[in-house]
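The block underneath contains the structure these notes are about, expressed in structure tokens.
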Amino acid sequence: MTLVRYFKPDNRLAKVVTLPGGKLVETAVDDARIELLQVSDACLQEIDAALDHTYRLCETPPAGDRVAELYTTVRDVAGLAGVCALPDLGAAALSFCALLDHAQNGGRLAPDHVAVHLNVLRILRHPDAIPEDDRCKVLESLDVMVGRIAQKAPPSPDDAPSAG
Amino acid sequence: MSKAATNGEGGSAPVKSKARINLERSAILLVDNALGVDILSHIFMGFGARTLYRSNTAAQAMEIVAGYQLDLIVTEALLQDRDGYDLIKTVRSDPEYEHNRFVPAIILSAHTAVSKVNKARDCGANFFVAKPVSPRVIMDRILWVAREQRQFLQTDLYAGPDRRFHDLGAPPGIVGRRREDRAAPIELKDDDQ
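Going line by line, the protein sequences match chains A and B. Residue numbers for the first sequence follow the working numbering, so the first one is 32 and each next one is one higher. Residue numbers for the second sequence follow the working numbering, so the first one is 170 and each next one is one higher.
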């Protein structure tokens with residue numbers, strides 16, 4: 032038998048945010064957007080450094096620990112790209128993350144699939160160089176490719192039914 | 170735990186324009202790598218928060234959790250020294266952090282590895298937000314967490330907000346065993362009407 036205790040604790044955050052004063056929500060969001068501009072240059076530098084590291088890690092076919100390092104690096108690109116108004120680059124990085132995650136779970140990491148992702152990352156770093164429709168098609172192609180690969184994935188430990 | 174459906178500026182329901190938020194007296198812990206904490210700090214400063222505890226490691230974050238009463242924790246899922254999931258799970262279950270046991274927690278992640286999905290589901294966070302973060306999405310999650318009415322529950326395996334968002338009642342044709350179970354809705358077919 033499983034003992035389950037239910038309770039309703041005080042929500043301190045709820046009490047704090049409703050105190051008199053503060054800002055209009057819309058003003059707060061606008062102020063935050065303005066604040067974020069201060070870090071956009073640092074984000075772009077970090078993205079470029081992470082991309083350079085990614086290309087270096089892929090100079091020879093990645094395997095073993097290098098796949099894990101590559102995953103972490105590409106994941107950083109995915110997390111930062113949207114902050115710098117590079118959402119397509121972020122989407123390509125997420126696709127690469129899915130591919131690398133598949134490899135870390137026992138799937139095969141084909142050099143062609145890696146090469147395609149590297150090329151797309153290079154292109155989408157400067158998205159204005161190609162029309163938006165073409166960018167969408169490229170990202171859709173990546174989705175289809177990684178989706179097919181994931182379908183062939185070996186069962187992960189998470190697929191096992193959990194107790195309770 | 171819930172995952173934000175989108176991470177774009179336009180992906181969430183608009184908030185009422187007259188709504189106000191006051192984060193001036195809140196104590197918020199931000200945990201991420203150096204640049205990630207900078208990004209979060211600027212967002213929260215824009216929101217008007219004044220007390221921000223910043224940490225780049227889970228170990229440093231746990232010291233802050235032990236030493237201060239917090240109103241919100243926002244942590245990256247993949248930290249240098251430990252998972253953000255483990256951090257939240259420890260806060261929820263370790264008596265050392267009793268004073269912050271129920272603190273709202275939001276986990277950020279650009280990508281969730283297949284091997285971490287169960288961990289993410291079971292860590293006891295209130296929300297899971299996909300990176301890249303935007304001020305609009307973070308604001309919506311803060312407001313949601315502040316308004317949320319979910320009960321906490323504790324079992325041997327899980328401590329945190331009830332993961333069931335909707336009470337759908339017992340399955341059709343089944344009488345619920347609990348007092349609060351609603352009767353299953355009766356579907357009327359055309360022939361019955």
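Positions of the beta carbon are idealized from the N, C-alpha and C atoms, including for glycine.
So what's residue i in DSSP terms, helix, strand or just coil?
i                      : result
residue 324 of chain B : coil
residue 106 of chain A : helix
residue 33 of chain A  : coil
residue 296 of chain B : strand
residue 250 of chain B : coil
residue 46 of chain A  : helix
residue 393 of chain B : Outside the shown range of chain B (170 to 362) lies residue 393 of chain B, about which nothing can therefore be said.
residue 189 of chain A : Reliability fails at residue 189 of chain A, whose pLDDT of 49 lies under 50, so the model's placement of it is uncertain and no value is given.
residue 54 of chain A  : strand
residue 290 of chain B : helix
residue 168 of chain A : helix
residue 90 of chain A  : coil
residue 182 of chain A : helix
residue 197 of chain A : Residue 197 of chain A is absent from the model: chain A starts at 32 and stops at 195.
residue 138 of chain A : coil
residue 343 of chain B : coil
residue 175 of chain A : helix
Name the DSSP bridge partner or partners of residue i?
i                      : result
residue 222 of chain B : B/198
residue 330 of chain B : B/321
residue 245 of chain B : B/277
residue 257 of chain B : Paired residues: none, contrary to the question.
residue 161 of chain A : In the DSSP output, where bridge partners are listed per residue, residue 161 of chain A has none listed.
residue 38 of chain A  : B/321
residue 189 of chain B : A/55
Can you give me the Cβ contacts of residue i inside the same chain, cut-off strictly under 6 Å, excluding the 5 residues immediately before and after it?
i                      : result
residue 177 of chain B : A caution first: residue 177 of chain B carries a pLDDT of 43, below 50, which makes its placement in the model too unreliable to give a value.
residue 69 of chain A  : none
residue 75 of chain A  : 115
residue 153 of chain A : none
residue 288 of chain B : 254
Closer than 7 Å by C-beta to residue i: which residues in its own chain qualify, once you throw out the five before and the five after it? Chain order, please.
i                      : result
residue 97 of chain A  : 88
residue 322 of chain B : 331
residue 105 of chain A : 85, 124, 127, 128, 131
residue 170 of chain A : 119, 122, 123
Identify, in the order they occur along the chain, each residue of the same chain with its Cβ nearer than 8 Å to the Cβ of residue i, setting aside the five sequence neighbours on each side.
i                      : result
residue 320 of chain B : 330, 331
Does the pairing of the segment 53-69 of chain A with the segment 292-310 of chain B give three or more beta-carbon distances under 8 Å? In this structure the segment 53-69 of chain A touches the segment 292-310 of chain B; the number of beta carbon pairs closer than 8 Å is three or more.
Segment contact flag, the segment 206-223 of chain B with the segment 190-198 of chain B, C-beta cutoff 8 Å, min 3 pairs: Three or more Cβ pairs drawn from the segment 206-223 of chain B and the segment 190-198 of chain B lie within less than 8 Å of each other, which places the two stretches in contact.
Is the segment 231-243 of chain B in contact with the segment 265-274 of chain B, if contact means three or more CB pairs nearer than 8 Å? Yes: the two stretches touch, three or more of their Cβ pairs being nearer than 8 Å.
Between the segment 34-54 of chain A and chain B, which residues of the former have CB atoms less than 9 Å from a CB of the latter, in chain order? Cβ proximity to chain B below 9 Å picks out 34, 35, 36, 37, 38, 39, 40, 41, 42, 43, 44, 45, 46, 47, 48, 49, 50, 51, 52, 53, 54 from the segment 34-54 of chain A.
I'd like to know if the segment 113-131 of chain A and the segment 144-163 of chain A are in contact, where contact means that at least 3 CB-CB pairs between them fall below 8 Å. Because the criterion of three Cβ pairs below 8 Å is met, the segment 113-131 of chain A and the segment 144-163 of chain A touch.
Count the CB pairs spanning the segment 203-213 of chain B and the segment 251-267 of chain B that are closer than 8 Å, and state whether there are at least three. In short, these stretches do not touch, since the Cβ pair count stays below three.
When you check each C-beta in the segment 290-303 of chain B against every C-beta of chain A, which residues fall closer than 8 Å? Identification of residues in the segment 290-303 of chain B having a C-beta nearer than 8 Å to some C-beta of chain A yields 300, 301, 302, 303, given in sequence order.
What residues from the segment 223-236 of chain B come within 9 Å of chain A, judged by C-beta to C-beta, listed N to C? Listed in sequence order: no entries.
Any C-beta of chain A within less than 9 Å: which residues of the segment 242-265 of chain B qualify? Using a CB distance below 9 Å, the part of the segment 242-265 of chain B facing chain A consists of 245, 247, ordered along the chain.
Going along the chain, which residues of the segment 111-127 of chain A sit with their C-beta nearer than 8 Å to a C-beta in chain B? Within the segment 111-127 of chain A, the qualifying residues are 111, 112, 113, 114, 118, 121, 124, 125.
Cβ-based contacts, 9 Å cut-off: residues of the segment 61-74 of chain A near chain B: Listed in sequence order: 61, 62, 63, 64, 65, 66, 67, 68, 69, 70, 73, 74.
Identify each residue in the segment 264-282 of chain B for which the Cβ-Cβ distance to at least one residue of chain A is less than 9 Å, and report them in chain order. Under the 9 Å Cβ criterion, the segment 264-282 of chain B contributes 270, 271, 272, 273, 277, 278, 279, 280, 281, 282.
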